[in-house]
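Student: Count along the sequence shown from 1, add 1, and you get the number used in the working numbering.
Where a beta carbon is used, it is the ideal one built from N, C-alpha and C, also for glycine.
I have a structure here, written as structure tokens, and I will follow up with some questions on it.
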Amino acid sequence: MKLWLTLLLLAVLAGGTTWLLRQINPEARPAAEAASHAPDYYFEGATLTQLNMSGQLESRLLSELVTHHPDDGSIELTAPRLTWYGDAPDKNPPWHVVAEHGTIPAGADVVHLRGHVVVTHPTESGETLKILSPTLNLFTEKQIARTDDPVRILRGPSHVNAVGMVIEMKQNHMRLESAVRGTYAH
């Protein structure tokens with residue numbers, strides 16, 4: 002009987018020691034599940050309107066679906082359409098941007114657009130400037146659009162191809178970065 006009591010006491014001590022070690026040593030614990038990238042809320046047919054300091058309409062973003070991901074705070078956009086009016090919409094025509102998808106990182110003032118990005122802007126001559134690219138980053142505070150990818154610019158019968166572009170929307174200024182080739186026709 003004494004032998005059984007000793008064996009029982011040793012088994013309880015071994016179990017207690019194992020439990021205590023797992024409480025102290027995190028490596029002995031099973032790994033916690035990785036955070037899921039599942040959305041916590043979404044909006045269908047969403048419109049986001051931004052006003053300038055004077056309370057005038059500065060930009061409007063429409064998206065078929067807006068999805069928020071709590072693990073990283075990012076926002077996904079499906080079929081986003083942005084119209085940027087700028088500080089003086091009565092003097093400067095608006096810029097229009099459409100894409101298949103977009104992402105807004107948490108706390109950032111940038112919208113990453115991807116998938117058949119098209120930028121249009123009326124010109125002083127009445128023609129429409131059309132810019133095509135696979136990606137575009139819109140920096141909302143700086144009012145700048147930028148891509149490092151290939152771009153194709155169309156204006157009437159003229160066209161230009163380049164790699165990389167920066168548009169300063171407030172100044173109606175565009176800079177092409179490299180490999181610029183085009184045809185000008187009037």
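Between the stretch 137-146 and the stretch 92-112, are three or more C-beta pairs nearer than 8 Å?
Tutor: These segments touch.
Student: For the beta strand (DSSP E) holding Gly46, just list the boundary residues, first then last.
Tutor: Element bounds for Gly46: 42-52.
Student: So Gly46 packs on Leu78, CB below 8 Å; how close in whole Å?
Tutor: With 8 Å as the limit, Gly46 and Leu78 do not qualify as a contact, their Cβ atoms being about 12 Å apart.
Student: On the criterion of 16 or more Cβ atoms from any shown chain inside 10 Å, does Met166 qualify as buried, or is it exposed?
Tutor: Result: buried.
Student: Buried or exposed, going by whether 16 or more other CB atoms sit within 10 Å of the CB of Leu52?
Tutor: When all chains shown are included, Leu52 counts as exposed.
Student: So, at 6 Å on beta carbons, what are the nonlocal neighbours of Pro135 in its own chain, with the 5 sequence-adjacent residues on each side left out?
Tutor: Closer than 6 Å at the Cβ level, and outside the excluded window around Pro135, lie Asp150.
Student: Starting from the C-beta of Glu101, find all residues in its chain whose C-beta is less than 6 Å away, skip the five residues before and the five after it, and write them out in chain order.
Tutor: Only Gly116, His117 meet the Cβ criterion.
Student: List the endpoints of the continuous beta strand (DSSP E) containing Asn138.
Tutor: Unbroken beta strand (DSSP E) run through Asn138: 129-140.
Student: Which residues in the same chain have their Cβ closer than 8 Å to the Cβ of Leu6, if we skip the five residues on either side of it in sequence?
Tutor: Because Leu6 sits at a pLDDT of 47, beneath the cut-off of 50, its placement in the model cannot be relied upon, and the following sentence gives the value as read from the coordinates. Nothing meets the Cβ criterion.
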